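Numbering (our numbering), first residue to last: 53 to 247.
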């Protein structure tokens with residue numbers, strides 16, 4: 053196994069680091085004490101510190117794993133105004149709508165929120181009710197109960213990856229999922245007509 057020059061240098065430096073103070077300790081023992089030495093002043097030279105070489109920049113895979121680690125350390129619920137949003141469970145639909153659950157107030161009112169980043173619009177669904185129509189997010193000054201939506205949308209959309217081929221118009225129903233198509237009834241083949 054061959055080692056490259058940077059690896060070899062790093063290995064030597066790591067091996068020598070424990071002995072860096074050894075020379076300084078011996079020099080202090082051999083140095084004359086102030087009372088014993090002549091009145092000549094000897095200038096002290098600072099000890100040289102061994103600085104290990106900077107490692108190469110992280111690879112794309114390392115950057116990806118570091119980002120994943122940061123996300124795993126992030127808190128699940130993030131607060132904006134009087135509401136908390138489940139930041140780890142954002143889901144992206146095929147139409148570019150991002151949805152997650154939320155809870156606001158005390159006692160908490162829970163439901164789902166949908167965000168459409170291209171138009172910066174949101175919609176809410178409280179419990180099992182229908183989705184509200186798309187609207188602009190409210191600030192803390194505009195609503196004491198759900199204010200802070202503007203900060204949440206700004207934070208989400210600024211950090212979200214863009215979805216290719218999305219329009220700026222929000223879909224008609226934010227959280228609607230396609231209903232499965234009814235399967236066609238299987239008709240029995242017609243029997244042969246009697247001769």
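C-beta atoms are modelled at their ideal positions from N, C-alpha and C, and glycine is treated no differently.
Note that this is a predicted model, so its numbers are computed, not measured.
Item	Value
Pull up the distance between the alpha-carbon of residue 169 and that of residue 197, whole angstroms please.	22 Å
Name the DSSP bridge partner or partners of residue 203?	Paired residues: none, contrary to the question.
What would DSSP say about residue 79, mapped onto helix, strand or coil?	For residue 79, the predicted model reports a pLDDT of 48, less than 50, meaning its position is unreliable; a value from the coordinates is still stated below. Residue 79 falls in the helix class under three-state DSSP.
Take residue 152 and list the residues in its own chain whose beta-carbon comes closer than 8 Å to its own, dropping the five residues that flank it on each side.	137, 138, 139, 141, 142, 143, 164, 165
From residue 111 to residue 206, what does the alpha carbon distance come to, in whole angstroms?	30 Å
Leaving out five residues before and five after residue 147 in sequence, what residues of the same chain have Cβ atoms less than 6 Å from its Cβ?	223
If you draw a straight line from the C-alpha of residue 132 to the C-alpha of residue 117, how long is it?	28 Å
In terms of residues, what are the limits of the beta strand (DSSP E) holding residue 130?	129–132
Just to confirm, are residue 186 and residue 195 a CB contact at a threshold of 8 Å?	no
Which residues in the same chain as residue 199 place their Cβ atom closer than 6 Å to its Cβ, once the five residues preceding and following it in sequence are excluded?	133, 190, 191, 192
For the alpha helix (DSSP H) that contains residue 187, what are its first and last residues?	Here residue 187 belongs to no alpha helix (DSSP H), and DSSP marks it neither H nor E.
What does the Cβ neighbour count give for residue 213, buried or exposed, with the cut at 16 atoms within 10 Å?	exposed
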